[in-house]
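Residue numbers (the working numbering): 75 to 592.
Idealized CB from N, CA, C, for every residue including glycine.
Just so it is clear, the structure is predicted and the values come from calculations on it, not from any experiment.
Notes to accompany the following structure.
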């Protein structure tokens with residue numbers, strides 16, 4: 075009897091529940107339209123894919139993707155979030171694209187759409203002349219070629235590959251005169267992308283070798299000594315000369331050795347040929363000034379210890395330090411050990427950071443007093459002594475001779491020497507970014523380098539001769555302005571001393587080199 079009662083109760087509950095569900099469904103309204111009918115950003119209509127519930131909008135090249143206010147049309151009675159006309163970011167501060175979800179509700183229904191907004195992007199992906207591939211720089215929109223000496227550049231027919239659907243001018247395969255740089259234009263969806271194509275005759279420059287930048291070149295640094303190396307650490311100072319998002323960090327306590335640091339070796343070893351590369355640059359950030367050590371090793375154990383000074387003038391800021399590979403080194407560099415070489419005692423725990431490790435090719439030698447020894451001519455009423463005996467050969471410049479002038483208080487600060495006339499140079503600012511030279515003086519301060527083109531375009535470059543090493547050779551770096559396009563034919567060295575308040579001074583220079591852009 076009880077079994078029949080239980081069955082009856084179960085049947086009764088099922089009927090009641092089914093009836094309630096029917097009543098609930100009868101009370102819901104599924105008739106609302108939840109589609110987005112149009113999505114317009116800055117006058118550009120988005121493409122709506124109902125099957126995937128996505129919307130894509132392509133704006134003209136260069137458009138700002140932050141703070142956009144789309145105009146959206148939905149059905150009567152429907153609501154959308156974010157709302158039509160509401161300001162929305164479709165990219166972050168670093169330019170990374172952001173997908174935004176829009177939700178449409180109507181009656182008892184809702185639908186989500188994933189919206190992406192981007193700008194028109196078109197690029198040249200391959201550019202060949204006589205089967206030689208050009209070097210494409212998409213960021214600066216340049217293409218550079220090196221063709222054999224004697225090539226007739228007045229009638230060349232490049233083979234070009236580029237974004238499908240774009241229009242190329244000059245047309246692909248057209249004969250073009252490359253005596254001077256030529257602009258190639260891509261027209262795509264109403265936006266124009268211009269590339270400047272330059273053809274050089276001769277051998278190509280060796281490019282800068284990036285060993286670590288924390289982004290596309292990011293090998294793992296291993297510990298040197300009893301210390302933990304933090305790879306991919308958040309950059310603590312992004313508003314200076316190093317704005318990358320991450321770096322390498324170690325924390326060193328007073329009880330730890332000064333040489334503790336990090337290394338690229340074993341599975342992450344490098345291959346830097348000292349016959350090709352002359353310097354290694356590293357971004358360093360510390361709270362303690364002083365010596366930084368870079369140890370370079372070959373796979374078979376040949377070692378050199380390179381040093382650079384982290385200046386007290388910019389404590390707590392990124393400083394780009396340059397480590398000079400010895401001219402005597404012939405062994406390949408396979409291991410690099412970074413040792414932010416703090417004093418061992420007298421400080422609390424210190425965080426030490428490094429980033430942007432690069433090997434730079436040996437420069438275009440303009441003068442070294444030996445195998446490259448053009449004559450410097452006088453600038454102003456002053457005598458220039460070519461082939462003067464090097465007064466300090468036990469430092470960083472051990473060459474036997476240099477250039478010397480003697481300047482007295484009656485003479486102008488800009489008196490110096492020049493490579494021009496029969497001894498003019500040919501430094502292309504499209505290829506070279508810096509000029510370095512050794513300077514030795516007895517008075518600290520500004521040194522001026524004037525660069526001129528044959529037709530008179532001038533720029534004045536400056537570097538500081540430090541008081542910390544008066545009377546010693548110092549390698550100064552002069553930065554060629556990024557905006558300069560005119561060839562550099564004349565170089566004027568002006569050890570820019572104060573005019574008054576000193577006795578006659580001897581001023582020396584040597585080892586003048588132009589270095590490729592990084």
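With a cut-off of 8 angstroms on the beta carbons, I'd call residue i and residue j a contact; round off their distance for me.
{"i": "residue 410", "j": "residue 344", "result": "6 angstroms"}
{"i": "residue 483", "j": "residue 554", "result": "Not a contact, Cβ separation roughly 32 angstroms."}
{"i": "residue 274", "j": "residue 219", "result": "6 angstroms"}
{"i": "residue 47", "j": "residue 288", "result": "There is simply no residue 47 to check, as the chain begins at 75 and stops at 592 in what is shown."}
{"i": "residue 338", "j": "residue 354", "result": "Actually they do not touch by this definition, with Cβ atoms about 11 angstroms apart."}
{"i": "residue 425", "j": "residue 325", "result": "5 angstroms"}
{"i": "residue 539", "j": "residue 519", "result": "6 angstroms"}
{"i": "residue 240", "j": "residue 308", "result": "39 angstroms between Cβ atoms; not a contact."}
Given a cut-off of 8 angstroms on the beta-carbon distance, is the pair residue i and residue j in contact?
{"i": "residue 310", "j": "residue 427", "result": "yes"}
{"i": "residue 237", "j": "residue 262", "result": "yes"}
{"i": "residue 256", "j": "residue 246", "result": "no"}
{"i": "residue 31", "j": "residue 440", "result": "Look at the range of the chain in this structure, 75 to 592, and you will see that residue 31 is not part of it."}
{"i": "residue 495", "j": "residue 451", "result": "yes"}
{"i": "residue 560", "j": "residue 531", "result": "yes"}
{"i": "residue 466", "j": "residue 547", "result": "yes"}
{"i": "residue 557", "j": "residue 522", "result": "no"}
{"i": "residue 198", "j": "residue 260", "result": "yes"}
{"i": "residue 527", "j": "residue 562", "result": "yes"}
{"i": "residue 372", "j": "residue 405", "result": "yes"}
{"i": "residue 298", "j": "residue 336", "result": "yes"}
{"i": "residue 448", "j": "residue 497", "result": "yes"}
{"i": "residue 271", "j": "residue 208", "result": "yes"}
{"i": "residue 303", "j": "residue 429", "result": "no"}
{"i": "residue 485", "j": "residue 533", "result": "no"}
{"i": "residue 358", "j": "residue 370", "result": "no"}
{"i": "residue 334", "j": "residue 378", "result": "no"}
{"i": "residue 458", "j": "residue 479", "result": "yes"}
For residue i, which residues from the same chain have a beta carbon less than 7 angstroms from its beta carbon, with the 5 sequence-adjacent residues on both sides left out?
{"i": "residue 475", "result": "443, 461, 462, 463 and 464"}
{"i": "residue 351", "result": "283, 399, 433, 434, 435 and 436"}
{"i": "residue 172", "result": "163, 164, 165 and 166"}
{"i": "residue 549", "result": "470, 510 and 512"}
{"i": "residue 143", "result": "159, 160 and 161"}
{"i": "residue 122", "result": "110, 113 and 129"}
{"i": "residue 537", "result": "521, 550, 551 and 552"}
Give every residue of the same chain whose Cβ lies closer than 6 angstroms to the Cβ of residue i, excluding the five residues on either side of it in the sequence, and list them in chain order.
{"i": "residue 193", "result": "133, 135 and 137"}
{"i": "residue 106", "result": "180, 181 and 183"}
{"i": "residue 508", "result": "551, 553 and 589"}
{"i": "residue 583", "result": "477, 511, 513 and 567"}
{"i": "residue 231", "result": "247 and 249"}
{"i": "residue 95", "result": "Confidence in residue 95 is poor, its pLDDT being 48 and thus under 50, which makes the residue's placement unreliable; the coordinate value appears in the next sentence. No residues qualify anywhere along the chain."}
{"i": "residue 346", "result": "407 and 433"}
{"i": "residue 185", "result": "108 and 178"}
{"i": "residue 265", "result": "134, 135 and 194"}
{"i": "residue 52", "result": "No information on residue 52 is available, as it lies outside the stretch 75 to 592 that the chain covers here."}
{"i": "residue 114", "result": "145"}
{"i": "residue 501", "result": "562 and 588"}
{"i": "residue 155", "result": "177"}
{"i": "residue 438", "result": "588"}
{"i": "residue 98", "result": "Below a pLDDT of 50, predicted positions are generally treated as unreliable, and residue 98, at 44, falls in that range; the measurement from the model is reported next regardless. For residue 98, where only same-chain residues beyond five positions count, there are no Cβ hits under 6 angstroms."}
{"i": "residue 190", "result": "130 and 173"}
{"i": "residue 244", "result": "250"}
{"i": "residue 296", "result": "337"}
{"i": "residue 348", "result": "399 and 403"}
Closer than 8 angstroms by C-beta to residue i: which residues in its own chain qualify, once you throw out the five before and the five after it? Chain order, please.
{"i": "residue 28", "result": "Residue 28 cannot be examined here, being either before or after the span of the chain that is shown, 75 to 592."}
{"i": "residue 228", "result": "251, 252 and 253"}
{"i": "residue 211", "result": "217 and 218"}
{"i": "residue 317", "result": "309"}
{"i": "residue 215", "result": "267, 268, 269 and 270"}
Using a Cβ-Cβ distance cut-off of 8 angstroms, determine whether residue i contacts chain B.
{"i": "residue 307", "result": "In summary, chain B is missing from the structure at hand, where a single protein chain is found."}
Do residue i and the ligand NAD come close, with the Cβ less than 7 angstroms from some heavy atom?
{"i": "residue 466", "result": "Ligands are entirely absent from the displayed structure, and the ligand NAD is therefore not among its contents."}
Original post:
Does the stretch 200-210 come within contact of the stretch 125-134, defined as at least 3 CB pairs closer than 8 angstroms?
Top reply: As far as the Cβ criterion goes, the stretch 200-210 does not touch the stretch 125-134, which means the pair count is below three.
Original post:
Pairing CB atoms from the stretch 355-366 with CB atoms from the stretch 387-395, are three or more of them under 8 angstroms?
Top reply: By the criterion of at least three beta-carbon pairs nearer than 8 angstroms, the stretch 355-366 is in contact with the stretch 387-395.
Subject >> beta strand (DSSP E) segments (min. 3 residues) lying fully within the stretch 466-494 >> reply: As far as the stretch 466-494 is concerned, its whole beta strand (DSSP E) runs of at least 3 residues are 475-481 and 490-493.
**OP:** Entirely within the stretch 429-459 and at least 3 residues each: give me those beta strand (DSSP E) ranges in chain order.
**Re:** Counting only runs of 3 or more, we get 438-441 and 451-453.
**OP:** Return the chain-ordered ranges of every beta strand (DSSP E) run that is complete within the stretch 314-389 and spans a minimum of 3 residues.
**Re:** If we require 3 residues or more, the beta strand (DSSP E) runs fully inside the stretch 314-389 come out as 320-326, 335-338, 351-359, 364-371 and 377-384.
Original post:
Are there three or more Cβ pairs, one per stretch, closer than 8 angstroms when the stretch 142-152 is compared with the stretch 105-124?
Top reply: The stretch 142-152 is in contact with the stretch 105-124.
Subject >> Every unbroken beta strand (DSSP E) within the stretch 222-308, with a cutoff of 3 residues, ordered by chain >> reply: Qualifying beta strand (DSSP E) stretches, in chain order: 233-236, 241-243, 256-262, 265-275, 283-286, 296-298 and 303-308.
Subject >> Ranges of the beta strand (DSSP E) found wholly within the stretch 177-201, counting only runs of at least 3 >> reply: Runs of beta strand (DSSP E) with 3 or more residues, each lying fully within the stretch 177-201, are found at 183-193, listed in chain order.
Subject >> Whole beta strand (DSSP E) elements within the stretch 111-144, 3-residue minimum >> reply: Listed in chain order, they are 121-123 and 128-133.
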